[in-house]
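Residue numbers (my numbering): 1 to 1237.
And the structure:
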């Protein structure tokens, strides 16, 4: 919609309509950076005779269109020039009646000044450009030759043939560029069209050149090299050519010079192409047209490696085809170094290709053009091309199918032959397409050969917006995306071509400088009675050897075949005991008995005295919050451990190494990270049988009489697997300081005594604190036992600690504690709290009141509520509401509670399948939307009356679902995509009467205000699929719907495609049937699907939404959107003859496609599996992140990927998850390419 009322825009063209400040605000709001220039241009347009009569109606639409452009100032100035140049008043007026045509024109005026100038010289070309279907046509070379020859026959004020040909070329460039700017054709189609056009121009020019030469001149062939040879031409590329003749006669030299002159000579109509002939034998010093035998001999005896590399792209273009094909056939074997052994050949080719790239980069460096150089810099287009050509040179002899000229085609063939791993293929393909798109848009602007990102911030922003990046920081977004692709491409390039890459990585390690520490050791009387003087001396020596590089030391003594005495001395940090115990468990050791001491360094004010200190609060906060050790404080553990398998020397080396790593994490204030890593190791080591066993009671006796300084905890419990780790972890998480521990196992029971203090170093004497200590310790200990069942043990433990604290803050915490003590409740929480930081922070915490009723009745989660039950519950709750505010609160409370319940069912595994979860969410959304409409309608009718048609009947309304809501495929954080339609114009019959348009607009606004989104992206209404998107009316008149989405209407292909999922959910049945009938007519009757336009949109999505070098589960090639577009494309193509394909649900559509024989049973099964995999993958990502914005898959070697594997029930088999991801995305790409050409 307009930013300002329509009258505001009309006043802009009136003399003295606004003050300078008001005018400035209006123009700035629409993105103008030079207000004075813009207003002057608008005033001149307003008084132009061709538009003066309808300028008032035109200005609002104009400003809506200008707001969407990358540079409103540039677009407005070009529009002024277009109006001045045009002589067709009817055509100009069509800009007012056809908003889409105006949008197309403004996009051109912003996207390319070079192409705009072509149209400004020939305004009549707009007639051809207005037909979007013609812009999408991919013309062959043959068709372009025919059209070019016909254009030469036109009467154009006495222009010669070459000038006419230049005019023809400009017209075709305008057509191709317009399709590119509007994303009607994709990158591959653009470069093929540009290359086909160049081929056609060369063929026509050769024919003109031969017109007055003898017959022997005809034995002449033109070969395209470089981007022209690969059919990868830019808008402003040089064309690399070589000529070959049968015998090299002088007449062929003359022909070559004449052809070059026709292609390059500038006139008033410009020039055709810049021609580069340096790739011929001996470069500029060689003959322009060598004989075939002469050229082949040169390749055998004199050609450099780079010249042979260049021949990989050679392609016959014009002239004597027999000579051209003979050259290609006979030169191809000469490219490869067949005599050298494989390893020497590889090294030689690598060295030469890499050396050539280094020379290019060194030249750039000398001229200060490294960063932002998309063609030849680091991580640039050349990196991809050289990597591709290197692999072709190495493997082309064995795999001739990879010797294709196109870079993208060659990459695809190498991936198919397993020469190129799937990830490398994806990185190089996505990066190449992204960088080439930047190159195109740079060159398209002024038809100049530029490959450098602008340094000027304003120009960078302008380029970014032309490429589709949005917002005030669009330039930063572009640079970040460029950096990502640059880095990812460069890494792969170096793996293949830089032999020293691995060595450089190894040399990047750094070391730390040691820091001196105190070395004295003394302990209390108990310690002296337990250990001999030899052992005490050993402990002192171990303590003296501690350093920042070695913060912990161990010593082992084997007692018998299965038992060892383990001594650990280290700096003391909160939680070190749980690390010691946890890592022992990870390495399959059980602690039989032991003694643990924490002690301080000597008090130097009293020589010979060693004692514990009471710490001031400042140091306590430093110790607890920042995890910084008090100087000299240490821990000594002497444990007897056993295991049923031998312990090799490397077993203890590994234990020492891991201990050191964890100590460093604690030292570096990374306590949560240390706990998380340990929890994951513990979960991985715990057998499933142990994790599944019943939780057993733990008795804790609290004694404050046995010690004058410490509270004594006596633990009596069954000695289960991992018991001591679970117990010490619970105490550490509750802020309990362990001073000394005595460990004893008798039979199958643990009898442990712990000497502890609170966070201030005091005994725990307060009864309430004792009660909390006992309860929290038992709960956390039991919860730790269940961690293996959580997808993210670290997050689950952290959230549970916070959760228990929250429980204690409740007025009746004893009731909730009783609930938590139930094993099935703890099990449910272990699964829930480890799923997502978002669910905890923004959902579970905020819905504490909703959580416990669910936990107290977990059995109720096992059955889904029916739609009828949900409707009745909501209506019952609303019966008591006295006003709209209360109804709104009840509606949103119901929505949040039921969404929480559905999510809980899914997380706990009570939902039968993912699709059941999806349908439950879809049912809930439909019920809430319907109820919101039913709340809003009476309120509006009370104010304005009932909307009436011309006959006095009530004006029908229909609410339609689209997107995943329309397909009943809702997921976590799915938008709620809607379209509101009404049947006729008219007005309401109340005192405060509104037009029907105004009434239904107000209805939509009221509904949007009634439904509250707890967080962006969760139950958020999305109305952007209505005609003209944000610029269109929120409530859509049926006739406007029909006009917009009709095959000849202004809707873009992707907008019309979105109607596949349109599903009426509320309102008048007759109107709903009309809408569906119109949808079927517009979508299916033509049986046409523009696959090229679909690929162009996909390309734009990848460019804007997929980070370089990564996989996005929704938008990457082969991801969810590609599968959905494939299915919808097939539905549109075949829906006319097979009405059963007209399904809104993707899986039902897939089933119908198989039943109709359009896809095979095998392909159907593969697509169904891929669809389920991708939806589950996306839901897992969304639950973690809380929105649908970032669906980037984390790196395979990251903890986040490990968590993802667990959430998707892969356990620790992350390789299988990675392999499945590659398999499914590759399969989707393969089927899409096969079925949608």
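All C-beta atoms in this analysis are idealised placements derived from N, C-alpha and C, irrespective of residue type, glycine included.
All of these numbers come straight from a predicted model, not from anything done at the bench.
Taking all protein chains shown into account, decide if residue i is buried (16 or more other Cβ within 10 angstroms of its Cβ) or exposed.
i	result
residue 635	buried
residue 1155	exposed
residue 150	exposed
residue 177	buried
residue 1209	exposed
residue 748	exposed
residue 746	exposed
residue 494	buried
residue 252	buried
residue 1246	No information on residue 1246 is available, as it lies outside the stretch 1 to 1237 that the chain covers here.
residue 510	Here the model assigns residue 510 a pLDDT of 33, short of 50, so the residue's position is not dependable, and the following value carries that caveat. With fewer than 16 other Cβ atoms within 10 Å, it is exposed.
residue 1240	Residue 1240 is absent from the model: the chain starts at 1 and stops at 1237.
Mapping DSSP to helix, strand and coil, what is residue i?
i	result
residue 553	strand
residue 595	strand
residue 528	helix
residue 1138	coil
residue 799	helix
residue 652	helix
residue 214	coil
residue 1323	Lying outside 1 to 1237, the shown extent of the chain, residue 1323 is not represented and no answer is given.
residue 470	coil
residue 1195	coil
residue 256	helix
residue 917	helix
residue 455	coil
residue 873	helix
residue 100	helix
residue 975	coil
residue 270	strand
Which residues bound the alpha helix (DSSP H) around residue i?
i	result
residue 586	576-586
residue 30	No alpha helix (DSSP H) holds residue 30; DSSP gives it neither H nor E.
residue 65	55-67
residue 169	161-181
residue 120	113-121
residue 205	187-209
residue 1005	996-1010
residue 1220	1214-1235
residue 1069	1069-1084
I'd like the span of the beta strand (DSSP E) that includes residue i, first residue to last.
i	result
residue 244	239-245
residue 713	711-718
residue 1044	From DSSP, residue 1044 is part of no beta strand (DSSP E) but of the alpha helix (DSSP H) over 1038-1045.
residue 701	699-703
One question on the structure: do residue i and residue j come within less than 7 Å of each other, judged by their Cβ atoms?
i	j	result
residue 989	residue 954	no
residue 270	residue 133	no
residue 478	residue 464	yes
residue 248	residue 285	no
residue 1026	residue 1144	no
residue 152	residue 164	yes
residue 240	residue 1099	no
residue 1087	residue 1148	no
residue 45	residue 80	yes
residue 71	residue 462	yes
Verify the CB distance criterion: does residue i have a CB-CB separation below 7 Å to chain B?
i	result
residue 634	Protein chain content of the structure displayed is limited to a single chain, and chain B is not contained in it.
Is the closest heavy atom of the ligand COA to the C-beta of residue i under 6 Å?
i	result
residue 455	Absence of the ligand COA is noted for the structure shown, with no ligands found whatsoever.
Item to complete: Within the region 300-377, note down every full alpha helix (DSSP H) run reaching 4 residues or more, in order along the chain.
Response: 305-310, 321-331 and 342-366
Curious, which full-length alpha helix (DSSP H) runs of at least 4 residues does the region 391-470 contain? 407-416, 422-446 and 457-466
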